[in-house]
Each structure stands twice: as C-alpha cells, then as structure tokens.
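All residue numbers for the sequence shown refer to our numbering, where the first residue is 3 and numbers rise by one.
Note that the Cβ used here is the ideal one computed from N, Cα and C, for glycine as well.
One structure is given below, encoded as structure tokens.
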Amino acid sequence: MNDKILKTKHGEIELPLFMPVATRGFIKAMPWKKVNEMNIKAVISNSVHLSITPGLEKIKAKGGINGYTGFEGSYFTDSGGFQIIREELVDIDDEGIVFKDKKSGVQIKVTPEKSSEIQEIINSDVAMMLDDCPPYGSPKERYEISIERTYRWGKIFLQKRVPGQLRFSIFQGGYDYDLRKKSLDLMLSLPSDGIAIGGLKIGEPKEVTDKIVEYVVPLIPKDMPIYLMGVGDPLSIYEYSLKGIDIFDSTYPTRNARHGYALTSKGPINLKASKYSMDFNPIESGCECEACRYYHRSGLRELLKSEDPQFHYLVTVHNITFMQKLMKTLRENVDMAKDMVKHYVKDPNTQIQG
Ligand SMILES: [Zn+2]
Numbered sequence: 003m004n005d006k007i008l009k010t011k012h013g014e015i016e017l018p019l020f021m022p023v024a025t026r027g028f029i030k031a032m033p034w035k036k037v038n039e040m041n042i043k044a045v046i047s048n049s050v051h052l053s054i055t056p057g058l059e060k061i062k063a064k065g066g067i068n069g070y071t072g073f074e075g076s077y078f079t080d081s082g083g084f085q086i087i088r089e090e091l092v093d094i095d096d097e098g099i100v101f102k103d104k105k106s107g108v109q110i111k112v113t114p115e116k117s118s119e120i121q122e123i124i125n126s127d128v129a130m131m132l133d134d135c136p137p138y139g140s141p142k143e144r145y146e147i148s149i150e151r152t153y154r155w156g157k158i159f160l161q162k163r164v165p166g167q168l169r170f171s172i173f174q175g176g177y178d179y180d181l182r183k184k185s186l187d188l189m190l191s192l193p194s195d196g197i198a199i200g201g202l203k204i205g206e207p208k209e210v211t212d213k214i215v216e217y218v219v220p221l222i223p224k225d226m227p228i229y230l231m232g233v234g235d236p237l238s239i240y241e242y243s244l245k246g247i248d249i250f251d252s253t254y255p256t257r258n259a260r261h262g263y264a265l266t267s268k269g270p271i272n273l274k275a276s277k278y279s280m281d282f283n284p285i286e287s288g289c290e291c292e293a294c295r296y297y298h299r300s301g302l303r304e305l306l307k308s309e310d311p312q313f314h315y316l317v318t319v320h321n322i323t324f325m326q327k328l329m330k331t332l333r334e335n336v337d338m339a340k341d342m343v344k345h346y347v348k349d350p351n352t353q354i355q356g
C-alpha cells in the first residue's frame with residue numbers, strides 16, 4: 003500500500019513506520035542487544051530530556067546518541083514542543099519555550115536556535131523542529147499566534163542543515179481548514195525532509211482528528227513522509243495509515259506491557275486476570291517472540307504477580323513484536339491488517355480491556 007522509504011544515515015526504513023518511545027534514549031525494560039536483534043529500525047527520544055539526562059557533554063563525548071547508548075538504528079528526536087500541552091511548560095513567548103524537567107527540576111529555555119544546537123550535538127537521524135502547539139480548546143487568536151511563531155521558528159531551524167541529519171517541519175492550525183492550510187503552506191515553503199501534523203490527538207474528538215487528517219494529507223507533496231506524532235495504538239495506526247500517514251510513535255506497547263496488558267490479534271489481554279491462571283497457551287499462538295516461545299500466560303501472570311522485572315521485559319518484547327508485525331502486514335496486506343486491529347477500541351486510553 004505504501005512504497006515510500008525513509009533514508010537515514012543508519013539505513014533505509016520502510017514506511018509506514020511505528021517507533022517505540024525512548025524518551026531519555028533508552029526503551030524502558032529493553033536491552034539494546036534485544037532491540038537490535040529484533041531489528042527495530044527507529045525510536046523517538048526527547049531532545050530536551052536528553053540534554054538534561056544524560057546531558058549533552060556525555061553524548062558529545064561519544065559522538066552522538068547512538069555512540070552513547072549503543073542503538074544501531076535511527077533516532078528521531080523531538081524538540082519538546084509537544085510538551086507545551088503537558089505539565090512541563092513553564093512559559094512560552096515569541097523567542098521560545100521554558101520547560102521544567104519533572105524528574106530533576108531543571109529549568110531550560112529552548113529557542114529554535116538552541117533546539118537546533120541540541121539536536122545537532124545529539125546527532126540524531128531525524129530532528130523535529132521546535133513548534134508552538136496550543137492546547138486543545140484554545141481561542142482562534144492563539145492558533146494564529148502559533149502559526150506565525152511556528153513559521154518563524156521553522157525558518158531558523160530548518161534552514162540550518164546538519165550533514166547526515168534529516169530535519170522535519172511541523173505545521174499547526176488547530177481544527178479550522180483555513181488555518182491548517184495557511185500553516186501548511188507556510189511550512190511547505192521552507193526546506194524539510196518530512197512533515198508532522200502538529201496539534202492533533204491532544205483531546206479533540208476523533209471525528210475532528212479524522213477530518214483534519216483527511217483534509218491536509220492530499221495537500222502535502224506525495225513523496226514527503228508524513229508523521230502523526232504521539233499516535234500509535236493499533237487501531238489508529240491502521241486507520242491513519244490508510245489515510246496517508248507514514249510515521250507513528252507511541253508509548254502504547256511499552257506502557258501497556260508495564261501495566262500487564264499484552265497485545266494480540268484478538269485485542270489486548272490483561273495478564274493480571276484470574277482467567278489466565280490455568281492458561282498454558284502463549285500470549286499469541288504463532289508469535290515467535292521470546293515471551294511466546296518460552297512462556298505461557300499462566301507463568302507470565304505469576305511473574306507479574308510477584309513483580310518480577312522479567313515480566314516487563316517479556317511483555318514489552320511481545321508487544322513491540324506485535325507492532326512490528328502490524329506494520330509489516332499493513333505494507334503487505336491491508337485486509338489482514340484490518341483483522342489484526344478489529345478487536346481494538348477507538349479510545350485506547352479509557353477502554354483497554356482484558
Ligand atoms: Zn509474542
């Protein structure tokens with residue numbers, strides 16, 4: 003369905019792509035040996051968090067983030083703009099954004115110049131520009147400010163070319179077609195290697211997200227990779243990849259693994275449930291991941307109950323394997339992909355079920 007390929011300095015990545023989240027450079031519960039063996043092509047990290055922990059000095063000393071961590075695939079780095087709608091925003095003005103890192107309490111002002119410099123040192127494969135993402139429900143004037151600001155910041159960020167690094171733009175415009183088109187046209191006038199649709203999936207009704215995606219995708223040049231940041235539950239990936247989205251990321255498979263949920267083609271199962279106590283089947287028959295090859299549901303449930311860290315590792319391995327299989331199936335056979343997601347619900351945050 004999609005023959006687009008993203009070429010990074012670490013190789014070619016077939017699209018559509020799902021990226022696990024590695025906020026501070028590492029995927030939780032996953033050793034790199036396993037990540038590399040599983041052929042995970044790309045992860046996304048947060049450049050602001052990386053600049054605080056482990057810090058730019060250490061990353062620079064190892065020639066970049068791959069050298070520091072040992073991951074052999076591609077790193078995407080987010081500029082942190084998305085954090086505006088989270089608790090970490092302290093202040094925002096025309097110059098940039100002040101963030102406060104929740105863990106360390108460190109406060110940092112990120113301007114487009116600073117974001118460019120941070121991501122150059124991190125030496126990621128794909129650097130996302132700093133954008134101004136207003137929270138859902140902001141007044142129209144706020145979206146107009148965000149469009150102008152994002153354009154000005156994009157001019158500074160995208161015109162700086164770093165050898166070996168792709169730079170993606172982001173456009174805003176809220177939920178209004180005219181504002182979306184205005185922001186998109188401005189951002190497409192700047193040089194970029196891909197584009198993200200910003201300001202979606204931040205609390206607006208699903209019909210609104212769908213309408214905006216359907217409206218904007220045909221306006222974007224066909225060969226340009228399109229990224230829907232922060233979206234990555236199986237049903238959304240299926241639906242939005244059919245609408246033309248190429249790149250997704252989410253904590254969905256890793257976060258749910260840590261909470262006891264394993265992803266299967268019959269929907270997510272909650273391994274805490276007592277109905278699995280005598281279930282000696284693998285999480286999903288036919289899955290060749292380490293968890294399904296060596297463990298049954300009953301055994302995994304015991305590991306979860308005893309809070310054995312193996313559980314997080316095993317179910318994370320399985321859930322990422324499921325996501326990889328979904329992406330491969332989407333590339334090869336859309337009807338089969340539909341079968342894999344048909345038991346998933348529309349709002350995975352409120353309706354995940356056992
Ligand atoms: Zn498995």
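When the five nearest sequence neighbours on each side are left out, the beta carbons in the same chain lying within less than 6 Å of the beta carbon of N321 are those of P255, A259, L265, in order along the chain.
With a threshold of 7 Å, the Cβ atom of T323 counts as near ligand 1, since some heavy atom of the ligand is closer than that. Apart from sequence neighbours up to five positions away, the residues of its chain that approach T79 with a beta-carbon distance below 6 Å are S47, S49, Q121, I124, S126, A129, ordered along the chain. DSSP, reduced to helix, strand and coil, places T253 outside both helices and strands of the structure shown, so it counts as coil. For the 8 Å CB-CB criterion, M338 and P236 do not form a contact.
For T323, the three-state secondary structure derived from DSSP is helix. Looking from the CA of E74, the closest CA among P207, P137, G27 belongs to G27.
Ligand 1 approaches C291 closely enough that one of its heavy atoms is under 7 Å from the residue's Cβ. Relative to S308, the option among L273, M325, F282 whose CA is nearest is L273. When beta bridges are read from the DSSP output, D235 appears opposite no residue. Around the beta carbon of I7, a 10 Å sphere encloses fewer than 16 other beta carbons of the protein chains shown; the residue is thus reported as exposed. In this structure, the CA atom of E97 is about 9 Å from the CA atom of R154.
Check the Cα spacing between S148 and each of R182, R169, G57: the tightest is with R182.
By the Cβ-count criterion, M325 is buried, with 16 or more other Cβ atoms from all chains shown falling within 10 Å of its own Cβ. Within the same chain, Cβ atoms closer than 7 Å to the Cβ of Y346 are found at D235, P236, L237, G269, the five residues on either side in sequence being excluded. In this structure the segment 102-117 does not touch the segment 57-77; the number of beta carbon pairs closer than 8 Å is below three.
When only Cα atoms are considered, E206 and G176 end up about 10 Å apart.
P284 is positioned such that its CB atom lies no closer than 8 Å to that of I249.
Looking from the CA of R151, the closest CA among K344, Q174, V218 belongs to Q174. With fewer than 16 other Cβ atoms from the protein chains shown falling within 10 Å of its own Cβ, V92 counts as exposed. Following the DSSP letters along the chain, one finds S171 inside the beta strand (DSSP E) bounded by residues 168-173. The C-alpha of E292 lies about 7 Å from the C-alpha of V319.
A residue is called buried when at least 16 other Cβ atoms come within 10 angstroms of its Cβ; F282 does not meet this threshold and is exposed. Contact between the segment 190-198 and the segment 154-171 is present: 3 or more CB-CB pairs across the two stretches fall below 8 Å.
Per DSSP, the beta-bridge partners of S76 are A44. According to DSSP, D93 shares a beta bridge with V100.
When only Cα atoms are considered, Y77 and K9 end up about 12 Å apart. By a beta-carbon distance limit of 8 Å, E304 does not contact C294. Their separation comes to about 16 Å.
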